[in-house]
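Structure (structure tokens):
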């Protein structure tokens, strides 16, 4: 059996002009990054803005487990299957971060015969977007410290600076640092720290901006800290939004690549789903909808995180209307949710699948709460037994949701034909009555309660004194009408990663609140969520290598 990277390296890619041409994108608007990658000029959207949108299909999943669910693989395979059925389709995905790539995952471009290519390029620097985001973010950080060093006319309180630095790598040693040491010539000493680049508000802004002007306006609204008299200090007050936007002038353009079966794929932006809103850029999604009849996109992790934020934040701001949502599950993952240890997953256990299917049922309910038709994709593995697969189908039949077995990892688009037919039926049924979960007029704490009770299944929400005080301050400053972005573990519907399945009788604790005024949401931090991950004992980087011919191995 070939590895993912071996399959990708054997692919016969088409020149990117051909992929763009299939979407009706003229060569004049295609900015090449080699033969197989390109950015699409911003003014092309103006040319097609009057066209009707295609139909938007979201791929989400059950609560992730170490057993794997295959959401990106299903997204790519579904699009390839829709293409095989004769439809004009495009994929819209996030860009991978180097941190997880070198840490645990080892790559994030789909898998098997349902991948986006060139896989190595996409995972390793791609078109430089994440570096541009990091540069813009760290420029602002440097300007803050320089302003204080040069006299601090804005009265910035060094103890209340909220803008940390970023790097696109998992590096726990940088979580908490001290800057400005070495004497008067080297700045003002203060505590600081690093987040991973994809947790930067600049990344969230890039993914929610609709054009360059909107980008600049959002950058100017970033709150970097507070003055001695408790007034917010913004990037606009530091007069740096123009320079930040200049660093992002290419990063804002959507990237175009292809799947193994030559389906156009827009891969652009990459905010974390358990820290930020976990969706690709609004600009890439809008462009895909103007150039294809169907667009298959995904949101990070389970429907409690990525899908909720996709619906409540991205769709709300961008005016998007998803026509259907796919919930991806595997027998292996459902067995883990049913209490089976990872080491015992290959042993047949249909009863465990039935117990774990409660998690799947909850995520189906979550999708339906937004008025969007759901379809279940069972991403099959060779170890799945007929009884185990039947247990999943029985659940779906009982609650009235279409279900299809998907073998897109091994068979590409051909392995997703049944899934594609059911998804297209849902998308064309006219039964999508999409609406966000809560109105913006609700107080911030009540928005959190709605999400916790309706989406997580919590009994209630507890706010630490610090969080409650911050929420009150933010509402007093006029930020109460923003949507909330929940920072929560991806491994449980609760804020405790050890509670698998469908936990009940729990309370969500919000320990901190932070406003992302430029992105346009308030982040609510729960549990032990880290904005700077660490590397595992054996990082994926130890397995990655390159030979003298330039051939990379071990990436996935």
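Residue numbers (my numbering): 14 to 569.
C-beta atoms are modelled at their ideal positions from N, C-alpha and C, and glycine is treated no differently.
Please return the same chain residues whose Cβ sits closer than 8 Å to the Cβ of residue 388, not counting the five positions on each side in sequence.
Within the same chain, residue 388 has close Cβ partners 337, 338, 339, 340, 414, 415, 416, 417, 432, 435, 436 and 439.
Sufficient close CB pairs (3 or more, under 8 Å) joining the region 126-146 to the region 270-289:
yes
Under 8 Å, with one C-beta from each stretch per pair, do the region 81-100 and the region 352-365 reach the 3-pair mark?
Counting C-beta pairs with one atom in each stretch, the region 81-100 and the region 352-365 have fewer than three that are closer than 8 Å, which means they do not touch.
Alpha helix (DSSP H) segments (min. 4 residues) lying fully within the region 99-182:
111-116, 132-136 and 142-162
Between residue 232 and residue 217, is the Cβ-Cβ spacing less than 8 Å?
no
Limits of the unbroken beta strand (DSSP E) element including residue 63:
Where residue 63 is concerned, there is no enclosing beta strand (DSSP E), given that its DSSP letter is neither H nor E.
Proximal residues to residue 564 (C-beta, below 8 Å), its chain only, five neighbours per side dropped
22
So, with DSSP's three-state summary, where would you put residue 45?
strand
Report the option in 501, 100, 352 and 108 whose CA atom is closest to the CA atom of residue 85.
108
Closest by CA to residue 296, which one among 314, 31, 333 and 321?
Nearest of 314, 31, 333 and 321 to residue 296, Cα basis: 333.
Please classify residue 229 as buried or exposed, where buried requires at least 16 neighbouring CB atoms within 10 angstroms.
buried
Span separating the alpha-carbon of residue 407 from that of residue 450
Residue 407 and residue 450 have their C-alpha atoms spaced approximately 29 Å apart.
Counting along the chain, where does the alpha helix (DSSP H) carrying residue 435 start and finish?
In the DSSP assignment, residue 435 falls within the alpha helix (DSSP H) that extends over 430-440.
Helix, strand or coil, according to DSSP, for residue 210 in the structure here?
helix
Just checking my contact of residue 110 with residue 150 at CB under 8 Å: how many whole Å lie between their CB atoms?
About 14 Å separates the two Cβ atoms, so there is no contact after all.
Distance check for residue 27 and residue 516, CA to CA, integer angstroms please.
48 Å
Whole angstroms is fine: what's the gap from residue 355's alpha carbon to residue 67's?
41 Å
Along the chain, where does the beta strand (DSSP E) that runs through residue 263 open and close?
Unbroken run through residue 263: none, as it is neither H nor E.
If we call anything under 8 Å between Cβ atoms a contact, is residue 546 one with residue 112?
yes
Kindly indicate which three-state DSSP category residue 427 falls into: helix, strand or coil?
helix
Among 318, 468 and 181, which one has its Cα closest to the Cα of residue 548?
Among 318, 468 and 181, the Cα nearest to that of residue 548 is on 181.
In three-state DSSP terms, what is residue 545?
coil
By DSSP, does residue 86 sit in helix, in strand, or in coil?
When secondary structure is reduced to three states using DSSP, residue 86 falls in the helix class.
Among 453, 396, 392 and 258, whose alpha-carbon lies nearest the alpha-carbon of residue 124?
392
Taking the alpha helix (DSSP H) that residue 409 belongs to, which residues open and close that run?
399-412
Alpha helix (DSSP H) runs contained entirely in the region 223-276, provided each spans 4 or more residues:
225-233 and 254-260
State the start and end residues of the unbroken alpha helix (DSSP H) segment that holds residue 298.
295-304
If distances are taken between C-alpha atoms only, which option among 122, 57, 155 and 24 comes closest to residue 39?
57
At what residues does the beta strand (DSSP E) containing residue 473 begin and finish?
473-476
Supposed close pair residue 317, residue 469 - CB separation, criterion 8 Å:
6 Å
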